[in-house]
Structure formats: structure tokens, C-alpha cells
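Peer 1: I'd like to ask you about the structure that follows.
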Amino acid sequence: MADREAVKQILRAQKIELPSWAFGNSGTRFKVFAQAGVPRNPFEKIQDAAQVHALTGAAPSIALHIPWDKVDDYRKLAEAAAEGGIALGTINANVFQDDDYRLGSVTNPAPAVRRKALSHLFECIEVMDETGSRDLKLWFADGTNYPGQDSIRARQDRLAEALAAVYGRLSERQRLILEYKLFEPAFYTMDVPDWGTSYAHCLQLGERAKVCVDTGHHAPGTNIEFIVAFLLRAGKLGAFDFNSRFYADDDLIVGAADPFQLFRILFEVAAGGGMAAGHDITFMLDQCHNIEPKIPGQLRSVMNVQEAAAKALLVDTDALASAQSAGDVLGANAVLMDAYNTDVRPLLAELRAEQGLDPDPVAAYARSGYAERIVAQRVGGTQAGWGA
Ligand code: RM4
Ligand code: MN
Numbered sequence: 010m011a012d013r014e015a016v017k018q019i020l021r022a023q024k025i026e027l028p029s030w031a032f033g034n035s036g037t038r039f040k041v042f043a044q045a046g047v048p049r050n051p052f053e054k055i056q057d058a059a060q061v062h063a064l065t066g067a068a069p070s071i072a073l074h075i076p077w078d079k080v081d082d083y084r085k086l087a088e089a090a091a092e093g094g095i096a097l098g099t100i101n102a103n104v105f106q107d108d109d110y111r112l113g114s115v116t117n118p119a120p121a122v123r124r125k126a127l128s129h130l131f132e133c134i135e136v137m138d139e140t141g142s143r144d145l146k147l148w149f150a151d152g153t154n155y156p157g158q159d160s161i162r163a164r165q166d167r168l169a170e171a172l173a174a175v176y177g178r179l180s181e182r183q184r185l186i187l188e189y190k191l192f193e194p195a196f197y198t199m200d201v202p203d204w205g206t207s208y209a210h211c212l213q214l215g216e217r218a219k220v221c222v223d224t225g226h227h228a229p230g231t232n233i234e235f236i237v238a239f240l241l242r243a244g245k246l247g248a249f250d251f252n253s254r255f256y257a258d259d260d261l262i263v264g265a266a267d268p269f270q271l272f273r274i275l276f277e278v279a280a281g282g283g284m285a286a287g288h289d290i291t292f293m294l295d296q297c298h299n300i301e302p303k304i305p306g307q308l309r310s311v312m313n314v315q316e317a318a319a320k321a322l323l324v325d326t327d328a329l330a331s332a333q334s335a336g337d338v339l340g341a342n343a344v345l346m347d348a349y350n351t352d353v354r355p356l357l358a359e360l361r362a363e364q365g366l367d368p369d370p371v372a373a374y375a376r377s378g379y380a381e382r383i384v385a386q387r388v389g390g391t392q393a394g395w396g397a
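By the count of my numbering, the sequence shown reaches residue 397 at its end, each step adding exactly one.
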């Protein structure tokens, strides 16, 4: 087994970014269920995220989605975050909720719509300048629904042009993170459907353009850990959007549907140096808690990532390497499975206790009275949700 203390040291430094939208109301196209106590503005989302960090010690930043998290003064928002002990993280652009974007945003056949989308992306960079964020995350809903609807090639040209313009606006310390998604909302072609498309565009752009792997954005059965290993080796793995899925882009709690897959992914991250000090991967959650309470949902998600990471770090890499070089198929597999089958909950409880945290963040939250307080205090106003 790997050295316990070394494993703990890496886990102590692990940072998981929370998505602001996980705290707002969400749902499916059939129904959005409102929950009592949900934040009414970005400041209240930050308070909730700060709770998750206070209880886990592992979630020191919150990603924003613009315009969902639009405020007049982003410096004030950054100050509020700092007061809560966290920072503002990735800025996620939103060019998918205006009527103008029916046929796409940056790949729209109409130049005026493309200009509008681009100016939103520039606005997001201005927000980053205010918040001090490093990453601009781009996910495009762009695509087509019917064969022949638009030229696949022309749309790639328009995409490349927009990405180059955005990349050119970034400062030396900012990065462009390009996310891909197999399908939805477009059902025939997506303009960035897979890691290869994202990777090719990022290569063209330069050093500070990297790929985001959203674990829910692949066809069923896709070997995501292979993609992770490949991108990490190529220096192009920029970020994760963690969530889990049974069918499509379900956005369920990470590690809920398939903890073994999460372990395999994090094993490749560790093997590629992505957990070592100085790595530059953003480990973000991208989830919605449609029916479960949101703050405990985020706590559980952070803990699931920590558990899978602990198991991945416990792999006896020397034993694995010797089994692999001896061609010992079953032996090598057994080394991996030994680590996966280890109960790491006592190790994580110990780690928390050493950091002055409650060993059980979910129980500590239930006892804290925070849930009751926000229900009592957050009365009136408009609750945050998709589109608000
Ligand atoms: C998209 C994609 C983006 C996220 C939005 C809310 O499917 O995953 O990363 O910002 O949803
Ligand atoms: Mn995502």
C-alpha cells in the first residue's frame, strides 16, 4: 500500500470548486421544484458555498455563471467571498438562453448574433478581471437538429474565429477552457461534441487553452479515464466538471451512479501528476440537486470526490508497475482493486479531525441549524434558478 501520510498530505491540499448554480433551484424540462431557503442572489449562494467549505475544508472556491450571477460590483462579490473564507473561481459563459441563439451563438449563421455572443464572452473576461478568476469556461449549446440545416464546416470556421478572438483578449494569467458535449440541446450535430474537437481547437489556440471534461457529456460506455490520461499526457487537461449519470447528462451527485468510474478517472489523474503540488487542473462540480437538499448534496459530492481520490492515491504504484512489466494481468488488476476496495472513510475522518473539522460534515451540517436559519431568513424575493 502507498504511504498513508503521503496520501493524507495530497488530500489535505485537494481543492474542489463548487458551482453557484448547485445552490439555486433546478429541475428538468418537466418541472423545477422550488426549495425553501434557496439563495435569492449571488451573495447568498456564496454564503452557502462558504458553509460547504467550512465543513469540508476542501471547497475554497465557487464558480460563477454569467448572467445568472450578474451583479453591479464584482469586486464587492469577491470581497464577500473572501469574508466567507472562499474565493471566486471559474467564470462560466452563458450564450444559450436568449431567443437570438435558436440557431447557435458563435456558430450562428447570422453575423449579428455571432457578434452578440462574442461580446458576451468579452464581457465575461471583464468580469474575470474584476474577480481575479483564472479560468473562462466555454460551453456552447450550438449545433443543428437536422441534416443539411447548416454547413458543418462553416460552423467550425465560425467557432475557430470566435475562439481565437476570445483567446486573444485573455491576459497572460487567464485560461480558456473549452468544454464538449455529445448531444443536447442539439440532436443532430453539436459544434463541440467530443474531446477531440475541443483538443484540436485548443491546440490551434495555444498554451493557455485547455479542455474541460464534464463526466456527464459522453456516450454511454465511453472510457473517460482514457480521455483523461490522453489529455493529461498532452498537457491539455484544464478542468473537470464532475457529476454522475445513469442515462444522459443527468447532473447527479458525482460518484453516486458509478463510484468505480470516478476512482478510475482519479487514478489516471494521479498517475499523470494531476494531483501533485503545482498542478493546474480545476476540479469543479457541475451538478444540480433537483430533489435533494442542496447544501448536503454538495457536501456529499465533495466527500465522494475525496473518497475516490483517497482510493486512487492508495494504489501501490510500485507493485502495479512490477505486475505490469511482468505481464501479470490478474496481479496488476488486483493491485488496483485492492485500493478501490479499501474503506477510506476512517482515513478521511482522521484527516478532518486533524484539521479541526468535524469528521462527519453531513452530520455537522444537520446539527448546525444553518438549514433552519436560511429557511427562516430567506423569505420573499425571487429565488435563484436556471435563467434567474
Ligand atoms: C451545461 C454544461 C456547462 C454548465 C451548464 C449549466 O450542460 O455542463 O458546463 O455550465 O450546463
Ligand atoms: Mn459542464
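Just so you know, even glycine gets a beta-carbon here, dropped at the ideal spot from N, CA and C.
As the structure is a computational prediction, the values presented were derived from the model and not from experiment.
How about L145 and I134: do their beta carbons lie closer than 8 Å?
Peer 2: Taking the first residue of the sequence shown as 1, we reach residue 145 at position 136. Taking the first residue of the sequence shown as 1, we reach residue 134 at position 125. A contact, by the Cβ cut-off of 8 Å.
Peer 1: According to DSSP, simplified to helix, strand and coil, what is C297?
Peer 2: Walking along the sequence shown from the start, residue 297 turns up at place 288. Coil.
Peer 1: Ordered along the chain, which non-local residues of its own chain (more than five positions away) have a Cβ less than 8 Å from that of Y155?
Peer 2: For this step, residue 155 is matched to residue 146 along the sequence shown. Contacts found: Y197.
Peer 1: Taking only the alpha-carbon atoms, compute the straight-line gap between V338 and L345 and give it to the nearest angstrom.
Peer 2: One-based indexing of the sequence shown puts residue 338 at position 329. One-based indexing of the sequence shown puts residue 345 at position 336. Spanning the two alpha carbons is a distance of roughly 11 Å.
Peer 1: Buried or exposed: which applies to R13, given that a residue is buried once 16 or more other Cβ atoms fall within 10 Å of its Cβ?
Peer 2: Taking the first residue of the sequence shown as position 1, residue 13 is located at position 4. By the neighbour-count rule (16 or more Cβ atoms within 10 Å), R13 is not buried but exposed.
Peer 1: Based on the DSSP secondary-structure assignment, which residues constitute the bridge partners of P28?
Peer 2: Sequence index remark: in the sequence shown, residue 28 carries index 19 (1-based). Answer by DSSP bridge pairing, in chain order: A72.
Peer 1: Is the CB-CB distance between A375 and G46 below 8 Å?
Peer 2: To locate residue 375, count along the sequence shown from 1; it is residue 366. To locate residue 46, count along the sequence shown from 1; it is residue 37. Cβ atoms of A375 and G46: not closer than 8 Å.
Peer 1: Hey, could you find the ends of the alpha helix (DSSP H) K125 is sitting in?
Peer 2: Position 116 of the sequence shown, counted from the start, is the residue given in the question as residue 125. Unbroken alpha helix (DSSP H) run through K125: P120 to T140.
Peer 1: Going by Cα to Cα distance, which pick from G378, E363, A243 and A328 is closest to G205?
Peer 2: Position 196 of the sequence shown holds residue 205. Among G378, E363, A243 and A328, the Cα nearest to that of G205 is on A243.
Peer 1: Per the DSSP calculation, A449 is bridged to which residue(s)?
Peer 2: In the structure as shown, the chain starts at 10 and stops at 397, and residue 449 therefore has no counterpart that could be examined.
Peer 1: Give a single yes or no on whether E188 has its beta carbon closer than 7 Å to a heavy atom of ligand 2.
Peer 2: Start at 1 with the first residue of the sequence shown, and residue 188 comes out as number 179. E188: yes, Cβ under 7 Å from ligand 2.
Peer 1: Nearest CA to the CA of A341: which residue from A169, Y349 and A330?
Peer 2: Counting from 1 along the sequence shown, the entry for residue 341 is found at position 332. Checking every option, the nearest Cα to that of A341 belongs to A330.
Peer 1: Please report how far the alpha carbon of I383 lies from the alpha carbon of D57, in whole angstroms.
Peer 2: By one-based count along the sequence shown, residue 383 stands at place 374. By one-based count along the sequence shown, residue 57 stands at place 48. Spanning the two alpha carbons is a distance of roughly 9 Å.
Peer 1: Are the Cβ atoms of M293 and F239 separated by less than 8 Å?
Peer 2: As a working note, residue 293 is residue 284 in the sequence shown. As a working note, residue 239 is residue 230 in the sequence shown. Cβ distance not < 8 Å, so M293 and F239 don't count as in contact.
Peer 1: Just to confirm the assignment: which complete beta strand (DSSP E) runs, minimum length 3, are found wholly within the stretch 219 to 282?
Peer 2: You should have 246 to 251.
Peer 1: With a CB to CB cut of under 7 Å and the five nearest residues on each side skipped, what residues in its chain are close to P305?
Peer 2: Working through the sequence shown from its first residue, we reach residue 305 at position 296. Correct list, in chain order: V371 and Y374.
Peer 1: Chain D beta carbons: is any one of them nearer than 8 Å to that of R273?
Peer 2: Here chain D cannot be found, since the structure has a single protein chain.
Peer 1: Please tell me whether L73 and N101 are closer than 8 Å, where the distance is taken between their beta carbons.
Peer 2: Here residue 73 refers to the residue found at position 64 when the sequence shown is read from its first residue. Here residue 101 refers to the residue found at position 92 when the sequence shown is read from its first residue. Taking 8 Å as the Cβ cut-off, L73 and N101 qualify as a contacting pair.
Peer 1: A228 to V237, Cα distance in whole Å?
Peer 2: Stepping through the sequence shown from its first residue, residue 228 is reached at position 219. Stepping through the sequence shown from its first residue, residue 237 is reached at position 228. One C-alpha to the other measures close to 15 Å.
Peer 1: Is the separation between the beta-carbon of H226 and that of L168 shorter than 8 Å?
Peer 2: Residue numbering aside, residue 226 sits at position 217 when the sequence shown is read from its first letter. Residue numbering aside, residue 168 sits at position 159 when the sequence shown is read from its first letter. No, Cβ-Cβ distance for H226 and L168 is not below 8 Å.
Peer 1: Is N34 near ligand 1, going by C-beta to nearest heavy atom under 7 Å?
Peer 2: Along the sequence shown, one-based indexing puts residue 34 at 25. Incorrect: N34 has no Cβ contact closer than 7 Å to ligand 1.
Peer 1: Is it the case that the Cβ atoms of K303 and F32 are separated by a distance below 8 Å?
Peer 2: Stepping through the sequence shown from its first residue, residue 303 is reached at position 294. Stepping through the sequence shown from its first residue, residue 32 is reached at position 23. For K303 and F32, yes; Cβs fall inside 8 Å.
Peer 1: With a CB to CB cut of under 8 Å and the five nearest residues on each side skipped, what residues in its chain are close to A397?
Peer 2: Translated into the one-based positions of the sequence shown, residue 397 becomes position 388. For A397, the predicted structure reports a pLDDT of 48, less than 50, and the residue's modelled location is therefore unreliable. The matter cannot be settled from this model.
Peer 1: Return the first residue and the last residue of the alpha helix (DSSP H) that K146 is part of.
Peer 2: Along the sequence shown, read from residue 1 onward, the residue named residue 146 stands at position 137. Where K146 is concerned, there is no enclosing alpha helix (DSSP H), although the beta strand (DSSP E) it sits in stretches over D144 to L147.
Peer 1: Since N313 is in the alpha helix (DSSP H), which residue starts that stretch and which ends it?
Peer 2: Stepping through the sequence shown from its first residue, residue 313 is reached at position 304. Counting along the chain, the alpha helix (DSSP H) containing N313 begins and ends at K303 to L323.
Peer 1: Within 7 Å: the Cβ of W148 and any heavy atom of ligand 2?
Peer 2: Residue 148 sits at position 139 when you count from the first residue of the sequence shown. For ligand 2, at least one heavy atom lies less than 7 Å from the Cβ of W148.
Peer 1: Alpha carbon to alpha carbon, how far is F276 from A89? Give it in angstroms, no decimals.
Peer 2: Counting from 1 along the sequence shown, the entry for residue 89 is found at position 80. Counting from 1 along the sequence shown, the entry for residue 276 is found at position 267. Rounded to whole angstroms, A89 to F276 spans 36 Å at the Cα level.
Peer 1: Take the Cβ of E26 as the centre, count every other Cβ of all protein chains shown within 10 Å, and call the residue buried at 16 or more, exposed below.
Peer 2: Your numbering for residue 26 matches position 17 in the sequence shown. So E26 counts as buried.
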